[in-house]
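>
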Amino acid sequence: MGLPLAIVAISGVLATKDTSKISEWKIFRRSFEVGFDNIDKLKNVKKMLSLSFSDLPYRLKSCFLYLSMFPEGWMFKMFFIILLWIAEGFIPEMEDMTLEEVGELYFNELCNRSLIQTAAEDVDEAVKYFVLHDLGGHNFSRVHTLLLFGAKGSISSVSFSELFGKYGRLKLLKVLDCQRLPLTTFPECVTKLYNLRYLNLSGTKVASIPRTIGRLRNLEMLNLENTLVEELPAEILQLHRLFRVMAFQSINDGSAFTKLIGVHVPKDIGNLKFLQDLGVIRASEGGLELMRSLGNLKQLRTLCIQQLEAEHGAALCSSIEKLSYLRRLYMETREEAEILEVQNISSPPQCLQRLYMYGRLEMLPQWVPRLSSLVFLLLRWSKLRLDPLQSLQALPNLQELIFEKAYDGEELCVKAGGFQNLKRLVFICSSRLRKVTVEQGAMPKLQELWLEDCKLLEEVPSGVEFLACLNELRIIDMGDQLLSKLDPSSQDSDFSRVKHVPMVYIGLSLIRNPSECIAGVGDLQQSSSFSLFDARASKRLFQVSGLYVFNL
Numbered sequence: 002m003g004l005p006l007a008i009v010a011i012s013g014v015l016a017t018k019d020t021s022k023i024s025e026w027k028i029f030r031r032s033f034e035v036g037f038d039n040i041d042k043l044k045n046v047k048k049m050l051s052l053s054f055s056d057l058p059y060r061l062k063s064c065f066l067y068l069s070m071f072p073e074g075w076m077f078k079m080f081f082i083i084l085l086w087i088a089e090g091f092i093p094e095m096e097d098m099t100l101e102e103v104g105e106l107y108f109n110e111l112c113n114r115s116l117i118q119t120a121a122e123d124v125d126e127a128v129k130y131f132v133l134h135d136l137g138g139h140n141f142s143r144v145h146t147l148l149l150f151g152a153k154g155s156i157s158s159v160s161f162s163e164l165f166g167k168y169g170r171l172k173l174l175k176v177l178d179c180q181r182l183p184l185t186t187f188p189e190c191v192t193k194l195y196n197l198r199y200l201n202l203s204g205t206k207v208a209s210i211p212r213t214i215g216r217l218r219n220l221e222m223l224n225l226e227n228t229l230v231e232e233l234p235a236e237i238l239q240l241h242r243l244f245r246v247m248a249f250q251s252i253n254d255g256s257a258f259t260k261l262i263g264v265h266v267p268k269d270i271g272n273l274k275f276l277q278d279l280g281v282i283r284a285s286e287g288g289l290e291l292m293r294s295l296g297n298l299k300q301l302r303t304l305c306i307q308q309l310e311a312e313h314g315a316a317l318c319s320s321i322e323k324l325s326y327l328r329r330l331y332m333e334t335r336e337e338a339e340i341l342e343v344q345n346i347s348s349p350p351q352c353l354q355r356l357y358m359y360g361r362l363e364m365l366p367q368w369v370p371r372l373s374s375l376v377f378l379l380l381r382w383s384k385l386r387l388d389p390l391q392s393l394q395a396l397p398n399l400q401e402l403i404f405e406k407a408y409d410g411e412e413l414c415v416k417a418g419g420f421q422n423l424k425r426l427v428f429i430c431s432s433r434l435r436k437v438t439v440e441q442g443a444m445p446k447l448q449e450l451w452l453e454d455c456k457l458l459e460e461v462p463s464g465v466e467f468l469a470c471l472n473e474l475r476i477i478d479m480g481d482q483l484l485s486k487l488d489p490s491s492q493d494s495d496f497s498r499v500k501h502v503p504m505v506y507i508g509l510s511l512i513r514n515p516s517e518c519i520a521g522v523g524d525l526q527q528s529s530s531f532s533l534f535d536a537r538a539s540k541r542l543f544q545v546s547g548l549y550v551f552n553l
């Protein structure tokens with residue numbers, strides 16, 4: 002499929018050349034001709050890939066050769082590889098850019114040269130997986146990285162001690178990745194790896210971090226995602242080179258969102274001046290001192306904090322104003338009814354791209370519509386009384402907007418010219434919402450519209466027919482009045498509003514059997530745009546092509 006690999010590799014090399022210079026063409030021709038010395042077609046392809054590799058700048062060769070340690074055919078995520086490169090010291094500092102951003106430039110350049118290929122994508126196409134082209138094996142004289150794959154059964158601290166005792170050179174180790182291994186305790190011998198920069202225990206059953214972690218003075222990245230750890234010891238403050246700490250449990254509680262359970266951190270966490278990514282931390286123990294300390298983390302790019310109370314508001318707002326490089330901010334109150342007191346931010350971080358706000362607001366903070374770089378906004382439990390779309394529609398870069406129990410009014414209107422770059426709009430559990438209007442010229446790039454559990458909504462949003470780019474409409478757990486209007490044979494049918502949408506999904510979570518599902522939406526088998534499913538039974542009810550009705 003696609004262009005032949007050799008052509009793609011060659012074009013990737015040429016894309017990096019100044020083709021206006023004859024000397025560049027001559028050098029390239031000499032290298033290119035070598036690729037045809039052997040008549041074996043497969044070897045020719047490898048020669049072309051080798052040409053792409055040979056033409057790499059020195060800084061990229063180290064990054065590429067590093068990937069040869071992974072098993073053949075192993076799929077990896079870009080961000081995971083970038084963190085390993087950083088730990089090994091392959092990524093240099095560049096002005097006004099984080100190490101992760103520089104690493105992404107390197108990674109994309111290897112992709113452009115066809116040395117790394119896209120292997121798969123998640124369902125939402127948000128996360129890509131990659132594989133490495135095979136150019137032959139490469140050997141390393143010294144072990145600086147240890148990645149453990151495919152371990153089964155139980156791995157004890159004793160096993161680790163034997164491993165490190167047997168291979169004395171492991172004292173040079175910079176990267177230790179134990180993700181998803183059957184570990185139940187933190188291996189004490191790891192704290193003797195004084196050169197360690199990257200430690201990944203994500204997906205293990207480790208429940209506590211020993212105080213001796215303070216020995217790892219060169220540690221830069223600590224990943225405790227989806228472990229049982231609930232608290233980071235005070236000794237972590239001795240790790241002054243740390244720039245990334247992620248620790249939490251993620252639990253599927255049956256809602257549309259993954260529940261996160263964070264960890265307690267020392268109230269003086271602000272002493273770690275180089276921190277760029279921090280989460281998920283609990284506000285409950287450190288209180289006001291912790292909130293004030295966060296303001297010292299001037300390099301912070303990601304902050305995830307939960308169990309917030311109203312009394313934390315003033316100190317938290319003051320700290321956020323000092324975090325001028327902040328890109329991602331997640332704030333969650335202790336309980337759904339708790340006030341998220343973040344109104345008093347006069348100078349919000351202008352680099353902020355992703356904002357998650359879980360808690361009672363009642364009124365949209367005035368600083369949110371001023372976030373010109375914002376790409377993603379999620380409001381949950383907000384109970385806003387006024388239509389928030391009026392304030393948000395001028396955000397120039399907003400692509401995804403999600404409301405869950407966020408709006409307590411009866412009507413919403415998207416004005417003409419609003420949300421020029423929005424691609425996904427989601428409304429969940431707006432219990433009083435009766436009417437949604439989309440004016441012509443609004444949301445010209447919208448691709449997905451979700452309406453879930455808004456049972457008083459009387460009809461499909463007026464103006465949906467103007468959304469020319471809409472590819473997917475999801476109507477889940479809605480009231481009978483709206484569902485009846487989707488019947489194309491009904492006199493007051495809204496079918497004409499959605500007939501241009503390629504994929505329309507209707508989910509009825511309260512349906513008791515497939516026959517009720519069919520009756521609930523009328524005689525849809527007459528339409529050429531619909532398809533009916535009972536998802537729980539994984540059995541197709543009708544094949545009429547485009548609309549899916551499923552039992553959640």
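For what it's worth, my numbering labels the leading residue of the sequence shown as 2, then goes sequentially. The beta-carbon is built from N, C-alpha and C at its ideal position, and this holds for glycine as well. Every value quoted in this text rests on a predicted model; they were computed, and no experiment measured them.
Does the distance from the C-beta atom of leucine 202 to that of asparagine 224 stay below 8 Å?
Contact flag set, yes.
> Can you list, in chain order, the residues of its chain whose CB lies under 6 Å from that of valine 437, leaving out five sequence neighbours each side?
So the qualifying residues of the chain are Leu413, Pro462.
> What would DSSP say about valine 191, mapped onto helix, strand or coil?
In this structure, valine 191 counts as helix in the three-state DSSP scheme.
> Assign glutamine 250 to one of three DSSP states: helix, strand, or coil.
Correct three-state label for glutamine 250: strand.
> Keeping to the same chain, check which residues put their C-beta closer than 7 Å to that of cysteine 179; ignore five residues upstream and five downstream.
The answer, listed in chain order, is Leu149, Asn201, Leu202, Thr205.
> Within the continuous alpha helix (DSSP H) that includes lysine 62, where are the two ends?
Element bounds for lysine 62: 59–67.
> Between the alpha carbons of phenylalanine 428 and threonine 213, how many angstroms are there, rounded?
Near 48 Å, if we compare the C-alpha coordinates of threonine 213 and phenylalanine 428.
> Which runs of the alpha helix (DSSP H), 4 residues or longer, sit entirely within the region 387–436?
Taking only runs of at least 4 residues, the alpha helix (DSSP H) segments lying wholly in the region 387–436 are 390–393.
> Distance, Cα to Cα, alanine 407 vs arginine 381?
Each residue's Cα considered, the two are about 5 Å apart.
> So, is phenylalanine 80 buried or exposed, given that buried needs 16 or more other C-beta atoms within 10 angstroms?
Phenylalanine 80 should be labelled exposed.
> Measuring alpha carbon to alpha carbon, tell me which residue in Tyr195, Lys424, Asn472 is nearest lysine 175.
Of the candidates Tyr195, Lys424, Asn472, the one whose C-alpha sits nearest the C-alpha of lysine 175 is Tyr195.
> Count the C-beta pairs between the region 370–378 and the region 309–325 that are closer than 8 Å, then say yes if the count reaches three, no if not.
No contact exists between the region 370–378 and the region 309–325.
> For leucine 300, report the span of its alpha helix (DSSP H) as first-last.
It is glutamine, not leucine, that sits at residue 300 in the sequence shown. That residue, glutamine 300, is in no alpha helix (DSSP H); it is neither H nor E in DSSP.
> To the nearest angstrom, how far is the alpha carbon of leucine 100 from that of glutamine 441?
Their backbone Cα atoms lie some 43 Å apart in a straight line.
> By the three-class DSSP mapping on this structure, what secondary structure does glutamine 180 have?
Of the three classes helix, strand and coil, the one that applies to glutamine 180 here is coil, per DSSP.
> In this structure, how does DSSP classify arginine 293 when only helix, strand and coil are distinguished?
In the structure shown, arginine 293 sits in a helix (DSSP, three-state: H, G or I).
> May I have the straight-line CA-CA distance separating arginine 216 from methionine 364, to the nearest angstrom?
Going from the Cα of arginine 216 to the Cα of methionine 364 covers about 47 Å.
> Closer than 8 Å by C-beta to threonine 228: which residues in its own chain qualify, once you throw out the five before and the five after it? Chain order, please.
Answer for threonine 228: Leu202, Ser203, Gly204, Thr205, Lys206, Val207, Ala208, Ala248, Gln250, listed in chain order.
> Confirm, please, whether the CB-CB distance from arginine 435 to aspartate 409 is below 8 Å.
Not a contact, by the Cβ cut-off of 8 Å.
> From glutamate 405 to lysine 172, what distance separates their C-alpha atoms?
Between glutamate 405 and lysine 172, the C-alpha separation is close to 50 Å.
> Are the region 472–488 and the region 452–459 touching, with three or more C-beta to C-beta distances below 8 Å?
Yes, the region 472–488 touches the region 452–459.
> Using DSSP with H/G/I as helix, E/B as strand and the rest coil, what is cysteine 318?
Residue state, collapsed to three classes: helix.
> What ranges does the alpha helix (DSSP H) occupy inside the region 85–110, keeping only unbroken runs of at least 4 residues that lie completely in it?
You should have found no qualifying run.
> Using CA coordinates, which residue listed in Glu94, Lys424, Gly104, Gly74 is at the minimum distance from cysteine 64?
Nearest of Glu94, Lys424, Gly104, Gly74 to cysteine 64, Cα basis: Gly104.
> For the alpha helix (DSSP H) that glutamate 496 lies in, which residues bound it at each end?
Note that residue 496 is phenylalanine in the sequence shown here, rather than glutamate. Segment 496–499, the alpha helix (DSSP H) holding phenylalanine 496.
> Whole-angstrom Cβ separation of valine 266 and glycine 287, contact assumed at under 8 Å?
Their Cβ separation, rounded to whole angstroms, is 7 Å, which keeps valine 266 and glycine 287 in contact under 8 Å.
> Could you check the C-alpha separation between proline 183 and arginine 283 for me, to the nearest Å?
Going by the C-alpha atoms only, they are around 27 Å apart.
> If you reduce the DSSP assignment to three classes, tell me which class valine 369 lands in.
In the structure shown, valine 369 sits in a helix (DSSP, three-state: H, G or I).
> Bridge partners for glycine 280 per DSSP, in chain order?
BP columns for glycine 280 point to Met247.
> Which word fits threonine 185, buried or exposed, when buried means at least 16 other C-beta atoms lie within 10 angstroms of its C-beta?
Answer is exposed; the Cβ neighbour count stays below 16.
> Per DSSP, what are the beta-bridge partners of methionine 504 in this structure?
Its beta-bridge partners are Glu473.
> Between which two residues does the alpha helix (DSSP H) harbouring leucine 353 extend?
Leucine 353 -> no alpha helix (DSSP H), and no H or E assigned at all.
> Have a look at asparagine 472 and lysine 384 and give me their C-alpha separation to the nearest angstrom.
So the alpha carbons of these two residues sit roughly 29 Å apart.
> Helix, strand or coil: which one does DSSP assign to glutamate 460?
Reduced to three states, the DSSP call for glutamate 460 is coil.
> If you run the structure through DSSP and keep just helix, strand and coil, what is glutamate 440?
Residue state, collapsed to three classes: coil.
> Are any of the Cβ atoms in chain C nearer than 8 Å to that of glutamine 421?
Here chain C cannot be found, since the structure has a single protein chain.
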